[in-house]
Amino acid sequence: MASYGNRSADVQLNSAPKQSWVRRMADSDYAVGWLFSLPFLILWVWWFLFPFVQSFIRSFQNVSFTALNDAKFVGLENYIKILNDPEFYQAVLHSLQIVVIAVPIQTVLGLLMALLVNQKIKGKGIFRTVFFIPYITSQIAITTVFMMLFKKGTFVTDFFALFGFGNVTWFADTNYALLFVSILFIFQQCGFSMIVYLSALQEVPKDLYEAGQMDGASKWAQFRYITVPYLKPITFFVVSVATILGFQIYDQIAAISRYGALGSPAGATSTVVTYFYQHGIRYMNIGYGSAAVVLFFFIIMIITFLQKKWLDDKE
């Protein structure tokens, strides 16, 4: 009887209607996650993936805005021309200089600002707002204000002259124009880094600091051995975002060059973005400009990979 009962139970279980994979997915949290992610996924495909694939295809063609239907396959010709163009290497070098100067400084300043507004001090909400405002302010507006401040004879250039810098109009001088752009980027990007670091600092478990205090660790030791390691993933995010944005600088350079050629003065502020804008948009050579965009994408990927590897090695 017992065996018969077991067989009956097995038959009932096996005869139970099986749910289709569509039904199972609809009843799971997996579907809910995809449902919330779908709008972003659609926008990502439309605004990034589709244009990139199109640019990748165009990079192997000789095509211009005036003759879109007359595209001619040229293979690697556009890439060969770019890699043999000295202006491209100059643009890459200028972009790297901006990133090397601005990214470490804005990362450190963003962390220091986050540490400040994370303290129990009066008016920290005001400080937080003041620090973040430049990030949401028009880049053209801030560039215009800085151009007035960094003219020859102003108190700003007089102050920097005390430290050996030339008392010149920075954005019009080939020796200082790129540094001027870097300062603009630092000023505008610090607020974003501060907000990201602040949100991470507020998530650090308090018991870690309490344990450190019980062991007699100083404030510096707690910062070095608790805060910094805990913020490592956030630091990678901040550095990666700042690096990408540093390579994408355009509005500030366009504002500086409003009365001259893009990349003025004398090409001192030409970057990767201005390079493919000049060739792809102004000269209407879509194929050549698309090849520059694809190369720019892989440059960013390589640099981001090296940054990740460096942070992993530091650990």
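What the sequence shown shows, in the numbering used here, is residues 31 to 345, in sequence order.
Even glycine gets a Cβ: it sits at the ideal position worked out from N, Cα and C.
- Rounded to the nearest whole angstrom, the C-alpha separation of Val323 and Lys338 is 23 angstroms.
- In the structure shown, the three-state DSSP call for Ser320 is helix.
- Asn197 carries a coil assignment under DSSP once its states are collapsed to helix, strand and coil.
- Assigned with DSSP and collapsed to three states, Gln169 falls in helix.
- Pro134 and Gly276 have their C-alpha atoms some 11 angstroms from each other.
- In the three-state scheme derived from DSSP, where H, G and I count as helix and E and B as strand, Lys182 is classed as coil.
- Judged by pairs of C-beta atoms under 8 angstroms, the segment 175 to 194 touches the segment 204 to 224, as three or more such pairs exist.
- Under the Cβ criterion (8 angstroms, minimum of three pairs), the segment 313 to 322 counts as touching the segment 100 to 112.
- Shown here, Gln84 sits in a helix according to DSSP, grouped into three states.
- For Gly221, the uninterrupted alpha helix (DSSP H) run begins and ends at 207 to 231, by DSSP.
- Taking a cut-off of 8 angstroms for Cβ pairs, the segment 139 to 149 and the segment 219 to 230 touch, as three or more such pairs fall below it.
- Beta-bridge pairing by DSSP links Asn315 to Ser94.
- Taking C-beta atoms as the reference points, Thr304 and Ile283 count as a pair closer than 8 angstroms.
- Residues of the same chain with a CB within less than 7 angstroms of the CB of Leu208, apart from the 5 flanking positions on each side, are His124, Gln127, Ile128, Ala298, Thr299 in chain order.
- Of the candidates Trp76, Trp64, Ser85, the residue whose Cα lies closest to the Cα of Phe327 is Ser85.
- Under the criterion of beta carbons closer than 8 angstroms, Val104 and Phe118 do not qualify as touching, at roughly 18 angstroms.
- Between the alpha carbons of Phe222 and Phe162 lies a gap of roughly 7 angstroms.
- His124: member of the alpha helix (DSSP H) spanning 116 to 147, first to last residue.
- Taking the C-beta atoms as reference points, Ile316 is found nearer than 8 angstroms to Val93.
- When Leu292, Ala272, Arg312 are compared, the shortest CA-CA separation from Tyr165 is found for Ala272.
- Beta bridge pairing from DSSP links Phe328 with no other residue.
- DSSP places Lys150 outside both helix and strand once states are collapsed to three, so it counts as coil.
- Cβ-Cβ distances below 8 angstroms link Leu231 to Ala144, Leu145, Asn148, Thr257, Leu261 in the same chain, with the five nearest sequence neighbours on each side left out; the list follows chain order.
- In terms of CA proximity to Tyr280, Phe306 leads the group Trp64, Gln120, Phe190, Phe306.
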